[in-house]
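All remarks here apply to the structure that follows.
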Amino acid sequence: MSGKRDYYEILGVGRSANEQELKQAYRRLALTYHPDKNPGDKEAEEKFKELAEAYQVLSSPDLRARYDRYGHAGVGASAGQGAGQGFAGFEDIFDMFGFGDIFNQTGRRRGPRRGSDLRYDIEISLEEAATGLKTKIRVPRLETCDVCKGSGAAAGSQPTKCTTCAGAGQVRYQQGFFSVSRTCSTCRGAGRIIRDVCRNCRGEGRVEKERKLEIKIPAGVDTGSRLRIANEGEAGEPGAPQGDLYVVIHVHDHEFFERRDSNLYCTAPVSFTQAALGAEIAVRTLDGEESLRIPEGTQTGKVFRLKGKGMPVLGGRGRGDQFVEVVVVTPTSLTREQRRLIEELARLEKEDGEAIDRGILGKIFG
């Protein structure tokens with residue numbers, strides 16, 4: 166009979182525990198018994214190994230099924246491999262302890278790092294967003310040093326291999342039953358040391374310059390739209406690609422139009438007589454003035470649509486619409502003749518109202 170403890174008991178969960186419950190239990194206990202928190206404590210080290218073994222089996226559907234049916238005999242040599250052969254299934258626990266590199270690796274040097282991406286914010290008008298435009302921008306960025314070609318070493322010299330990590334860029338440390346690979350503090354992961362630095366870039370391999378670029382902003386962009394310009398970010402380490410440049414668009418608010426996606430909204434003032442009798446009015450659009458027919462009896466708040474007079478659809482076809490809300494303007498000063506005519510209109514409206522009232526009363530009382 167096996168002397169090993171039950172895996173469910175080790176993790177403190179029931180046999181019906183799901184994957185998330187297993188992971189949470191393992192993380193909680195692993196934080197308690199991790200060798201980094203218990204240096205020199207052999208009992209904690211053994212418990213951590215026991216936890217790793219239990220979690221490796223129970224987190225695998227196949228191994229868990231065999232364990233549930235046959236016990237420890239069912240998993241055989243599979244149990245314990247996670248504790249001593251690489252921790253292949255436990256990358257998530259490594260992040261909790263702040264290790265950037267995975268356990269039991271060979272200390273391979275990382276590849277040259279790609280250049281950083283850059284962001285450039287640009288402001289344009291609504292009209293420019295509607296038509297699209299080409300414009301020139303100046304982008305400050307780090308570029309490869311022309312003198313040392315990015316090596317960081319002075320002319321006539323070359324970087325030498327770091328003796329601390331033997332050029333690997335990482336140093337391995339043995340901690341209990343496993344090893345940890347960490348970035349070399351001497352060369353900062355580069356794997357090489359520069360003894361005679363380039364004066365132009367001071368050993369950095371890159372210098373700050375201002376790059377002039379012509380960019381094309383497509384029609385239909387809106388605030389928050391981003392343009393990606395490949396390989397126009399900062400230079401990377403020797404042998405690595407440059408980063409990308411992201412141009413972020415900000416469209417100014419307009420004094421006349423309100424934009425909602427690809428549609429435009431505006432108001433059009435009309436006089437009392439135009440609203441009452443109907444009229445043909447001129448409405449401002451992005452393409453110039455457009456004629457709009459106002460039918461007689463139009464009320465304030467009535468909305469008319471000018472089809473296809475909105476913004477272009479970004480990345481698509483066609484344009485949105487323009488919606489015009491009519492606002493009837495009440496005159497604030499009248500000439501004598503205008504006042505006489507309006508008073509006459511008011512008198513007629515009153516007579517019409519009285520006649521309507523008499524007619525209704527007559528129908529009610531016979």
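If you read the sequence shown in this note's numbering, its first letter stands for residue 166, the second for the next number, and so on.
No residue lacks a Cβ here, since even glycine has one placed at the ideal position from N, Cα and C.
In this text, all values refer to a predicted model and were calculated from it rather than measured experimentally.
(message) When you compare the CB positions of cysteine 363 and cysteine 313, do they come within less than 8 Å of one another, or not?
(response) In the sequence shown, the residue the question calls residue 363 occupies position 198. In the sequence shown, the residue the question calls residue 313 occupies position 148. Yes, Cβ-Cβ distance for cysteine 363 and cysteine 313 is below 8 Å.
(request) Would you mind sorting phenylalanine 421 into buried or exposed? The rule is 16 or more other CB atoms within 10 Å of its CB. (result) Taking the first residue of the sequence shown as position 1, residue 421 is located at position 256. The residue in question, phenylalanine 421, is exposed, as its Cβ has fewer than 16 Cβ neighbours within 10 Å.
(request) Taking only runs that begin and end inside the stretch 279-308, name each unbroken alpha helix (DSSP H) of 4 or more residues, in chain order. (result) 291-296
(message) Let's see if you can read the secondary structure: which residues bound the beta strand (DSSP E) around proline 226?
(response) Within the sequence shown, residue 226 is the residue found at index 61, counting from 1. Counting along the chain, proline 226 falls outside any beta strand (DSSP E), though it belongs to the alpha helix (DSSP H) covering 226-235.
(message) Can you tell me where the beta strand (DSSP E) holding alanine 433 begins and where it ends?
(response) Working through the sequence shown from its first residue, we reach residue 433 at position 268. Here the beta strand (DSSP E) through alanine 433 covers 428-436.
(message) Tell me which residue opens and which closes the beta strand (DSSP E) that threonine 450 is part of.
(response) Numbered from 1 along the sequence shown, position 285 holds the residue referred to as residue 450. Run containing threonine 450: 444-450, per the beta strand (DSSP E) assignment.
(request) Verify whether the separation of the beta carbon atoms of threonine 348 and glycine 332 is less than 8 Å. (result) To locate residue 348, count along the sequence shown from 1; it is residue 183. To locate residue 332, count along the sequence shown from 1; it is residue 167. Taking 8 Å as the Cβ cut-off, threonine 348 and glycine 332 do not qualify as a contacting pair.
(request) Look up isoleucine 521 in the DSSP assignment and say whether it is helix, strand or coil. (result) On the sequence shown, residue 521 is found 356 positions in, with the first residue counted as 1. Because the pLDDT at isoleucine 521 is just 46, under 50, the model does not fix this residue reliably, and the point stays unresolved.
(request) Measure the alpha-carbon distance for asparagine 396 versus isoleucine 302 and round it to whole angstroms. (result) Start at 1 with the first residue of the sequence shown, and residue 396 comes out as number 231. Start at 1 with the first residue of the sequence shown, and residue 302 comes out as number 137. Answer to the nearest angstrom: the Cα atoms are 16 Å apart.
(message) Whole angstroms are fine: how far does the CA of lysine 472 sit from the CA of valine 494?
(response) Looking up residue 494 in the sequence shown gives position 329. Looking up residue 472 in the sequence shown gives position 307. If you take the alpha carbons of valine 494 and lysine 472, they lie about 25 Å apart.
(message) If contact is defined by three or more beta carbon pairs under 8 Å, each pair taking one atom from either stretch, is the stretch 444-458 in contact with the stretch 398-410?
(response) no
(request) Answer yes or no: do proline 226 and glycine 404 have a C-beta to C-beta separation smaller than 8 Å? (result) Reading the sequence shown from its first residue, position 61 is the one you call residue 226. Reading the sequence shown from its first residue, position 239 is the one you call residue 404. For proline 226 and glycine 404, no; Cβs fall outside 8 Å.
(request) Could you tell me which uninterrupted beta strand (DSSP E) segments, each at least 3 residues in length, are contained entirely in the stretch 324-396, listed from first to last along the chain? (result) 335-340, 343-348, 371-382, 391-394
(request) Thinking arginine 391 and threonine 309 are a contact (beta carbons under 8 Å), I'd like their distance in whole angstroms, please. (result) If you number the sequence shown from 1, residue 391 lands on position 226. If you number the sequence shown from 1, residue 309 lands on position 144. Wrong, their Cβ atoms sit about 26 Å apart, outside the cutoff.
(request) Compute the Euclidean distance between the alpha carbons of alanine 441 and glutamate 461, then round it to the nearest angstrom. (result) Locating residue 441 in the sequence shown gives position 276, where the first residue counts as 1. Locating residue 461 in the sequence shown gives position 296, where the first residue counts as 1. Cα to Cα, the separation comes out at about 5 Å.
(request) With phenylalanine 469 as the anchor, note down where its beta strand (DSSP E) starts and where it stops. (result) As a position in the sequence shown, residue 469 is number 304, starting the count at 1. Segment 468-471, the beta strand (DSSP E) holding phenylalanine 469.
(request) Classify arginine 273 as buried or exposed, calling it buried when 16 or more other Cβ atoms lie within 10 Å of its own Cβ. (result) In the sequence shown, counting from the first residue as 1, residue 273 sits at position 108. Bear in mind that a pLDDT of 48 at arginine 273, under 50, signals an unreliable position, so the number given afterwards is only what the model happens to contain. Flag for arginine 273 reads exposed.
(message) Here's the rule I'm using: 16 or more other beta-carbon atoms within 10 Å means buried, otherwise exposed. How should alanine 295 be labelled?
(response) As a working mapping, residue 295 is identified with position 130 in the sequence shown. Label assigned to alanine 295: buried.
(message) Under 8 Å: do the stretch 475-484 and the stretch 499-515 share three or more Cβ pairs, one atom per stretch?
(response) no
(message) Alpha carbons only, please: which of Gly356, Glu293, Gly321, Glu373 is nearest the one belonging to proline 305?
(response) Within the sequence shown, the letter at position 140 stands for residue 305. Here the closest residue by C-alpha is Glu373.
(request) Report the rounded CA-to-CA distance for alanine 195 versus glutamate 215, giving the unit in angstroms. (result) Your numbering for residue 195 matches position 30 in the sequence shown. Your numbering for residue 215 matches position 50 in the sequence shown. Rounded to whole angstroms, alanine 195 to glutamate 215 spans 10 Å at the Cα level.
(request) Return the chain-ordered list of same chain residues with a C-beta closer than 6 Å to the C-beta of arginine 231, the five sequence neighbours on each side being excluded. (result) Looking up residue 231 in the sequence shown gives position 66. The residues are Gly239, Val240.
(message) The beta strand (DSSP E) that contains phenylalanine 213, what's its start and end?
(response) To locate residue 213, count along the sequence shown from 1; it is residue 48. Taken as a continuous stretch (DSSP letters only), phenylalanine 213 belongs to no beta strand (DSSP E), being part of the alpha helix (DSSP H) at 207-223.
(request) Measure the alpha-carbon distance for glutamate 375 versus glycine 368 and round it to whole angstroms. (result) Locating residue 375 in the sequence shown gives position 210, counting from the first residue. Locating residue 368 in the sequence shown gives position 203, counting from the first residue. For glutamate 375 and glycine 368, the distance between alpha carbons rounds to 20 Å.
(message) Based on DSSP bridge pairs, tell me the residues matched to leucine 410.
(response) Translated into the one-based positions of the sequence shown, residue 410 becomes position 245. In DSSP, leucine 410 forms a bridge with Leu283, Ile394.
(request) Pick out whichever of Pro406, Leu429, Arg337, Thr463 has its Cα sitting closest to the Cα of arginine 449. (result) Residue numbering aside, residue 449 sits at position 284 when the sequence shown is read from its first letter. For arginine 449, the nearest C-alpha among the options comes from Leu429.
(message) Let me confirm a value: lysine 202 is counted as buried when at least 16 other C-beta atoms fall within 10 Å, else exposed. Which label applies?
(response) One-based indexing of the sequence shown puts residue 202 at position 37. Answer is exposed; the Cβ neighbour count stays below 16.
(message) Just verifying my parser: in three-state terms, what is the DSSP assignment at glutamate 423?
(response) Your numbering for residue 423 matches position 258 in the sequence shown. Note: glutamate 423 maps to strand in three-state DSSP.
(request) Return the CA-CA distance between lysine 188 and leucine 228, expressed in angstroms with no decimal places. (result) Residue numbering aside, residue 188 sits at position 23 when the sequence shown is read from its first letter. Residue numbering aside, residue 228 sits at position 63 when the sequence shown is read from its first letter. Roughly 16 Å between the two C-alpha positions.
(message) Please identify the residue among Gln323, Leu223, Glu211 whose C-alpha is closest to the C-alpha of glutamate 184.
(response) On the sequence shown, residue 184 is found 19 positions in, with the first residue counted as 1. Ranking the options by Cα distance to glutamate 184, first place goes to Leu223.
(request) Out of Glu218, Met476, Ile394, Thr325, state which residue places its alpha-carbon closest to the alpha-carbon of aspartate 361. (result) In the sequence shown, counting from the first residue as 1, residue 361 sits at position 196. Ranking Glu218, Met476, Ile394, Thr325 by Cα distance to aspartate 361 puts Thr325 first.
(request) Determine the extent of the beta strand (DSSP E) in which glutamate 184 is found, giving its start and end residues. (result) For the purposes of this step, residue 184 is identified with residue 19 of the sequence shown, where counting begins at 1. That residue, glutamate 184, is in no beta strand (DSSP E); its alpha helix (DSSP H) goes 184-198.
(message) Here's a check: name, in chain order, each residue in its chain whose Cβ is nearer than 8 Å to the Cβ of aspartate 171, leaving out the five neighbours to either side.
(response) Along the sequence shown, one-based indexing puts residue 171 at 6. No residues qualify anywhere along the chain.
(message) Quick check: what's the CA-CA separation for leucine 378 versus glycine 317?
(response) Walking along the sequence shown from the start, residue 378 turns up at place 213. Walking along the sequence shown from the start, residue 317 turns up at place 152. The alpha-carbon atoms of leucine 378 and glycine 317 are separated by roughly 27 Å.
(request) Would you mind giving the Cβ-Cβ distance between alanine 444 and valine 489, rounded to the nearest angstrom? I have them listed as a contact below 8 Å. (result) Your numbering for residue 444 matches position 279 in the sequence shown. Your numbering for residue 489 matches position 324 in the sequence shown. Not really, about 14 Å apart at Cβ, beyond 8 Å.
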